[in-house]
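Step one of this worksheet: look at the structure below.
Number of protein chains: 2
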Amino acid sequence: MAGDDDLHATATSRLRRDQQRYTASRRALVDALAVAGRPVTMPELLRDRSDLALSSAYRNLAVLERAGVVQRIVTSDEHARFELAEDLTGHHHHLICGSCGRVDDFRVSSQLERSLEVALARIVEGTGFRADHHRLDLVGTCADCG
Amino acid sequence: MAGDDDLHATATSRLRRDQQRYTASRRALVDALAVAGRPVTMPELLRDRSDLALSSAYRNLAVLERAGVVQRIVTSDEHARFELAEDLTGHHHHLICGSCGRVDDFRVSSQLERSLEVALARIVEGTGFRADHHRLDLVGTCADCG
DNA sequence: CTCAGTGCAAAGGATTTGCATGCCG
DNA sequence: CGGCATGCAAATCCTTTGCACTGAG
Chain W
1 MAGDDDLHAT ATSRLRRDQQ RYTASRRALV DALAVAGRPV TMPELLRDRS DLALSSAYRN
61 LAVLERAGVV QRIVTSDEHA RFELAEDLTG HHHHLICGSC GRVDDFRVSS QLERSLEVAL
121 ARIVEGTGFR ADHHRLDLVG TCADCG
Chain E
1001 MAGDDDLHAT ATSRLRRDQQ RYTASRRALV DALAVAGRPV TMPELLRDRS DLALSSAYRN
1061 LAVLERAGVV QRIVTSDEHA RFELAEDLTG HHHHLICGSC GRVDDFRVSS QLERSLEVAL
1121 ARIVEGTGFR ADHHRLDLVG TCADCG
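Taken in order, these protein sequences are the chains called W and E.
Once you know that position 73 of the first sequence is 73 in this note's numbering, the rest is easy, because the numbers rise by one and skip nothing.
Add 1000 to a position in the second sequence, counting from 1, and you land on the number used in this note's numbering.
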């Protein structure tokens, strides 16, 4: 569908900007991330596509991250998690299960987001810290683990 | 001073509850964390106390974490960071430098905290997710790296 | 005397890197 | 053709674990 076309078109152009190719493996990884719709670990990502070597997957995700297509997040020890860059999916936050580690996305009202931004801007004001973005995670126990 | 006495008294009793002793090494670690006043990595923690073996430090911090005296946080790959449990230092958030990795504490108004809690409670309502606590991080570049 | 705490060395686990090969452009 | 992507294996890095020893109660 159109959304996916846009996604791949964007990925292509961002990779090209970095003089990188949008290979089948990379496209498959982006597809898998889009389908997942939440940050996934490397084992989860390769569960289906077990043909791609682990090292290649890591290398491809690193390339995609440098190009701004993929974002890597670290929520705990164990495995890092990968998701599509926020400007492709929209600003969101993470619901983290402390038991199984599962991570899901959620969004808050733009009103609360604005309050947050204002409050955070005020906090760093005059400290020399240059704020880039904020992260708001909700940690608890998911339905399956509860 | 009194605050430190309280801290060590609390640590002692929490360890005792777990049938663990408050050894000199453990006390030194708690002191170092209190002095740091922000989440520190293992290398930072042992910079001064280089007499304690790395494995012992990890073991002691694990004991202190189980007892609820210390909290371990993971902000990136590389090193985990350790800080005193939040009920000893008060609820706070983290200012993270994406360049050098340094982490500092900050607090927001209790009014904003309340708005956050309300909004987050509404989000998980009826999802089966049982919320434990939230995390709000501000990511950017610190004064030294800017 | 006993057992928990310690140090040292080795193991573990996720991720990265070196190198030879194959394929796309 | 030339260079980049890939696979495999080895290396890295933080952290954990095994084991023998020692010191506190």
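Note that beta-carbon positions come from the ideal geometry of N, C-alpha and C, so glycine has one too.
Keep in mind that this is a model prediction, so the values were computed, not measured.
*asked:* Between F82/W and chain E, is the shortest Cβ-Cβ distance under 8 Å, so that the two count as touching?
replied: For the purposes of this step, residue 82/W is identified with residue 82 of the first sequence, where counting begins at 1. Judged by the 8 Å Cβ criterion, F82/W is not in contact with chain E.
*asked:* 8 Å is my cut-off, CB to CB: does V139/W come that close to chain E?
replied: Against the first sequence, residue 139/W aligns to sequence position 139. Chain E contact via Cβ: present.
*So who's on the other strand from E1083/E, going by DSSP bridges?*
Counting from one through the second sequence, the residue named residue 1083/E turns up at place 83. DSSP lists Q1071/E as partners of E1083/E.
_Nonlocal neighbours in the same chain, by C-beta distance under 6 Å from G68/W, ignoring five residues either side_ = To locate residue 68/W, count along the first sequence from 1; it is residue 68. Counting only Cβ-Cβ distances below 6 Å, and skipping sequence neighbours, we find R14 and A85.
_Which residue marks the beginning of the beta strand (DSSP E) containing R1130/E, and which one marks its end?_
On the second sequence, residue 1130/E is found 130 positions in, with the first residue counted as 1. First-last of the beta strand (DSSP E) with R1130/E: R1130 to T1141.
*Check whether the Cβ of R1066/E lies closer than 8 Å to any Cβ atom in chain W.*
For the purposes of this step, residue 1066/E is taken as the residue at position 66 of the second sequence. No, R1066/E does not count as interfacial toward chain W.
*Work out the CA separation of H1094/E and F129/W for me, nearest whole Å.*
For the purposes of this step, residue 129/W is taken as the residue at position 129 of the first sequence. For the purposes of this step, residue 1094/E is taken as the residue at position 94 of the second sequence. Whole-angstrom Cα-Cα distance: 12 Å.
*Hey, is the stretch 1111-1121 of chain E in contact with the stretch 1072-1086 of chain E, meaning 3+ C-beta pairs nearer than 8 Å?*
no
*Contact with chain W by L1054/E, beta-carbon distance below 8 Å*: Locating residue 1054/E in the second sequence gives position 54, counting from the first residue. For L1054/E, the answer is no, since every Cβ of chain W falls outside 8 Å of its Cβ.
*asked:* I'd like to know whether the C-beta atoms of R38/W and V103/W end up nearer to each other than 8 Å.
replied: For the purposes of this step, residue 38/W is taken as residue 38 along the first sequence, with counting starting at 1. For the purposes of this step, residue 103/W is taken as residue 103 along the first sequence, with counting starting at 1. Taking 8 Å as the Cβ cut-off, R38/W and V103/W qualify as a contacting pair.
*What's the C-alpha gap between L1052/E and I1073/E?*
Taking the first residue of the second sequence as position 1, residue 1052/E is located at position 52. Taking the first residue of the second sequence as position 1, residue 1073/E is located at position 73. About 21 Å.
*Examine chain W for any beta-carbon lying closer than 8 Å to the beta-carbon of T1127/E, and answer yes or no.*
The residue given as residue 1127/E occupies position 127 in the second sequence. Taking Cβ atoms only, chain W reaches closer than 8 Å to T1127/E, which makes this a yes.
*Verify whether the separation of the beta carbon atoms of L136/W and L1054/E is less than 8 Å.*
To locate residue 136/W, count along the first sequence from 1; it is residue 136. To locate residue 1054/E, count along the second sequence from 1; it is residue 54. No. Outside cutoff.
*Under the rule that 16 or more other beta-carbon atoms within 10 Å means buried, what is A1009/E, buried or exposed?*
Position 9 of the second sequence, counted from the start, is the residue given in the question as residue 1009/E. The residue is exposed, with fewer than 16 neighbouring Cβ atoms inside 10 Å.
_Check whether the stretch 15-22 of chain W and the stretch 56-71 of chain W touch, using three or more Cβ-Cβ pairs below 8 Å as the test._
yes
*asked:* I need the DSSP call for V1108/E, collapsed to helix, strand or coil.
replied: As a first step, residue 1108/E must be located in the second sequence, where it is residue number 108. Note: V1108/E maps to coil in three-state DSSP.
*Comparing the C-beta of A1057/E with each C-beta of chain W, is any distance below 8 Å?*
Locating residue 1057/E in the second sequence gives position 57, where the first residue counts as 1. Not an interface residue.
_CA nearest to the CA of S1099/E, picked from V1030/E, T1012/E, Q1020/E and C1142/E_ = The sequence position of residue 1099/E within the second sequence is 99, counting from 1. Per the Cα distances, C1142/E.
*State yes or no: is the beta carbon of G1098/E nearer than 8 Å to at least one beta carbon in chain W?*
Along the second sequence, one-based indexing puts residue 1098/E at 98. At least one chain W Cβ lies under 8 Å of G1098/E.
*Can you find a C-beta in chain W that's less than 8 Å from the C-beta of L1045/E?*
Taking the first residue of the second sequence as 1, we reach residue 1045/E at position 45. No, no contact with chain W.
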